[in-house]
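Mapped onto this note's numbering, the consecutive letters of the sequence shown carry residue numbers -4 to 428.
For every residue, glycine included, the Cβ atom is placed at its ideal position computed from N, Cα and C.
Since this is a predicted model, take the numbers as computed values, not measurements.
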Amino acid sequence: MHLFSYIDGSLCCEGVRLEEVAARFGTPAYVYSAGTIRENFRRLDRALAPLDRMICYAVKANSNTAILDLLVREGAGFDIVSAGELFRVLKAGGRADRCTFAGVGKTAEEIAWALKRGIYCLNVESEPELERINAVAGSLGLVAPIALRVNPDVDAHTHEFISTGKSKNKFGIGLDRAAAVYAAAAAMPHLRIRGVQTHIGSQILDAGPFAEAAGKLAGLVADIHARHGIEFFSIGGGIGIVYDHALASGAPAWWQSSDHPHRITPEDYAAAIVPVLGPLGLKILFEPGRFIVGNAGVVLSTVQYVKTTPAKTFAIVDSAMNDLIRPALYEGWHEIVPLEESRAPLVPMDVVGPVCESGDFFAQDRDLPPLAPGDRIAVLSSGAYGFVMSSNYNSRPLLPEILVDGKSMHLIRRRQSLEDLVAGETIPRTQTS
Ligand code: LLP
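Right, here's the structure in full:
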């Protein structure tokens, strides 16, 4: 669900014309819809209402503090993966005791930082990490709440870079080892076993793998509950979204869902897992990222040049792979639409950025309405893993982020300046020519 649509031929985010946003803040820019984020959160929460639940939004998907603030107001908890993300949550008014801390490589400093702030749970991915957490907690005179991330060896049917629940992936502790590692944890004096966690991957468009993972872990969870008196089971994140809304052509299977037999809704997801998770009698944690914010954001861009070669037509726009890396990194397929609705016959083109790499594209061989310099486009479904994965590559300043709420627009992060690019750099005085 999203609140981007053409009104009188002009693409709007809620009650605001995106042309107005471009005129006020310039392009390229990220624009988010507050109403979409709220509605996605509420719809998922309603679908999961039969469970005692805590929805811990995965901060990595979009960590702007204004978005986190909005979700704090909705009653969300948070799934974090670094001290930086916890810092953001706290800045936005969130509580550490509603945050779970995931990740395979937590440093001793991060563990200490989170423990001192009263983190709800550290999700542990290996035995050496368990030992480190025990030692850090002991040195602080604290008891660390922990859960093991258990790898159920389930195929999530998604892109291999974002599949995490197979035994060949670096994540979690194998199901066969989990009971022994829990026993080891129980013997460590500065740990308190609080739950069991799993996460099988991202952009999953079929409820089957979630039900399979929950089913594979249910026995272990019941056993750990009986032995160690746990409080929660977390099934992680991963609910996929629709990437092809309006002018779909040629999206590969896992980015596509409106024509695809495997299109997941929160209701399908709930129907598949509630019967397995309800009987556990535990609090169930969910860690959705993409589902909450993915369809709630777009990248606004202006066409700079249209270049025609014997092989192709290229629309060269003012945003690039450093602003949205998903097409280059995961073959991510994003719908692209002009801000002014067009009924002209579609023509095939590549939409590319100015960065010096052939991987710098948003679309290849895509049928789009003809574009001319100065035309504005929106790259849809860029709210998750968009801005957060951007970089200053090619010394391009990071984009501004604008949050639209009803008829109002708020600048929630200013565009970086050229001075920002070199802030923090020092030229050594001793440097010789
Ligand atoms: N929980 C854990 C432990 C995770 O590792 C992740 C995502 C999530 C929750 C949230 O997953 P979601 O609900 O957003 O699918 N950059 C990639 C996606 C990477 C996902 C990493 N982990 C992309 O742009 O497709």
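Residue from the options whose Cα sits closest to the Cα of residue i
i	options	result
isoleucine 311	Ile236, Pro349, Glu122	Pro349
arginine 93	Val99, Val67, Gly79	Val67
tyrosine 25	Arg409, Arg33, Asp415, Pro423	Arg409
histidine 223	Ala180, Ala213, Glu124, Ile230	Ala180
alanine 367	Leu413, Gln299, Arg321, Leu143	Gln299
threonine 31	Gly378, Ile234, Leu393	Gly378
aspartate 40	Pro261, Phe205, Val301	Pro261
alanine 265	Lys111, Ile287, Phe205, Phe227	Phe205
lysine 211	Gly169, Val342, Tyr388	Gly169
phenylalanine 228	Ala217, Asp201, Ile128	Ala217
aspartate 360	Thr308, Gly401, Tyr388, Ser386	Thr308
glutamate 83	Phe96, Ser58, Gly98	Looking at the sequence provided, one finds arginine at residue 83 rather than glutamate. Arginine 83 has its Cα closest to that of Ser58, out of Phe96, Ser58, Gly98.
glycine 435	Asp171, Leu363, Tyr238	As displayed, the chain neither begins before -4 nor continues past 428, which places residue 435 out of reach and without an answer.
asparagine 118	Pro140, Val237, Gln411, Gly136	Pro140
serine 166	Val145, Lys302, Ser5	Before going further, note that residue 166 is phenylalanine rather than serine in the sequence given. Cα-wise, what sits closest to phenylalanine 166 is Val145.
phenylalanine 96	Thr193, Gly276, Pro392, Val347	Thr193
threonine 303	Trp328, Asp318, Met344	Met344
glutamate 15	Lys402, His152, Ile422	Lys402
Nonlocal neighbours in the same chain, by C-beta distance under 6 Å from residue i, ignoring five residues either side
i	result
alanine 323	Met316, Gly354
alanine 78	Glu105, Trp108
tyrosine 325	His154, Phe156
alanine 53	Asp74, Gly232, Glu282, Gly284
valine 11	Val399, Met404
alanine 71	Ile50, Tyr52
serine 296	Thr22, Pro23, Val312, Asp313, Ser314, Ile372
alanine 61	Leu398, Ile407
leucine -2	Glu9, Ser28, Gly30, Thr31
serine 337	Pro364
Cβ-based neighbour list, residue i, same chain, cut-off 7 Å, excluding 5 preceding and 5 following
i	result
phenylalanine 20	Pro395, Ile397, Leu406
leucine 442	Nothing can be reported for residue 442, as the shown portion of the chain is limited to -4 through 428.
serine 390	Leu416
glycine 89	Leu63, Val67, Phe73
aspartate 469	No statement about residue 469 is possible, as the shown extent of the chain runs from -4 to 428 and does not include it.
glutamate 34	Met(-4)
Residues bridged to residue i (per DSSP)
i	result
tyrosine 1	Leu6
asparagine 146	Gly169
alanine 310	Val301, Val346
methionine 316	According to DSSP, methionine 316 bridges with nothing at all.
histidine 154	The partner list for histidine 154 (beta bridge, DSSP) is empty, contrary to what the question assumes.
valine 26	Val293, Ile397
glycine 72	Cys51
phenylalanine 356	Val347
glutamate 335	Ser5
leucine 280	Met49, Ser229
isoleucine 195	The partner list for isoleucine 195 (beta bridge, DSSP) is empty, contrary to what the question assumes.
Three-state class that DSSP yields for residue i in the structure shown
i	result
tyrosine 52	strand
aspartate 345	strand
tyrosine 364	Note on residue identity: the sequence assigns proline, not tyrosine, to residue 364. Coil.
threonine 31	helix
glycine 79	helix
asparagine 290	helix
glutamate 14	helix
proline 204	helix
isoleucine 219	helix
glycine 190	strand
leucine 66	helix
proline 423	coil
glycine 381	coil
arginine 409	coil
aspartate 400	strand
leucine 39	helix
leucine 295	strand
isoleucine 230	coil
isoleucine 141	strand
arginine 285	helix
glutamine 251	Bear in mind that the predicted position of glutamine 251 carries a pLDDT of just 41, short of 50, making it too unreliable to give a figure here.
lysine 163	coil
isoleucine 236	coil
alanine 373	strand
glycine 136	coil
glycine 259	Before going on, a small fix: residue 259 reads as isoleucine here, not glycine. Coil, per DSSP.
alanine 243	Because alanine 243 carries a pLDDT of 39, less than 50, the predicted location of this residue cannot be relied on, and the following value inherits that uncertainty. It is coil, neither helix nor strand.
Nonlocal neighbours in the same chain, by C-beta distance under 8 Å from residue i, ignoring five residues either side
i	result
arginine 37	Glu69
tyrosine 177	Leu143, Ile188, Ile219, Arg222, His223
isoleucine 2	Arg12
Residue-level contact to chain B via CB, residue i, 9 Å cutoff
i	result
leucine 375	In the displayed structure, chain B is absent; only one protein chain is listed.
Any non-hydrogen atom of the ligand SAM within 8 Å of residue i CB
i	result
leucine 324	With respect to small molecules bound, the structure shown includes the ligand LLP and not the ligand SAM.
- prompt: If you scan the segment 88 to 132 from start to end, which runs of the beta strand (DSSP E) of 3 or more residues do you find wholly inside it?
  reply: 94 to 96, 116 to 119
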